[in-house]
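Have a look at the structure below before the remarks.
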Amino acid sequence: EELNRLKKLVAQLYSRTQLLSTLLTDAGITIPAEPALEKISPLKWSNKINVDDIDKYIDRLNE
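Everything in the sequence shown is counted per my numbering, starting at 713 for the first residue and increasing by one.
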């Protein structure tokens, strides 16, 4: 039953993606053939921000 639910959700997601693609194309917005995943580097900031540093970053946002 969980697998069937997931299959249904994937089918809905695929359908909505296709609809969005069609709408964007009709609006004249170009869509790349493939996502640019190769060009995206890994998260450079991962494991560099600690919970202890949160006040420092919040202060910068308030400035």
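Glycine residues also receive a C-beta, built at the ideal position from the N, C-alpha and C atoms.
Quick check: the Cα distance between residue 725 and residue 719, rounded to an integer number of angstroms?
So the two alpha carbons sit approximately 10 Å from each other.
At the level of alpha carbons, what is the spacing between residue 727 and residue 767?
As the crow flies, the alpha-carbon of residue 727 is around 43 Å from that of residue 767.
By DSSP, does residue 742 sit in helix, in strand, or in coil?
Correct three-state label for residue 742: coil.
How many angstroms separate the CA atom of residue 722 from the CA atom of residue 764?
Cα atoms of residue 722 and residue 764: separation of roughly 39 Å, rounded to the nearest angstrom.
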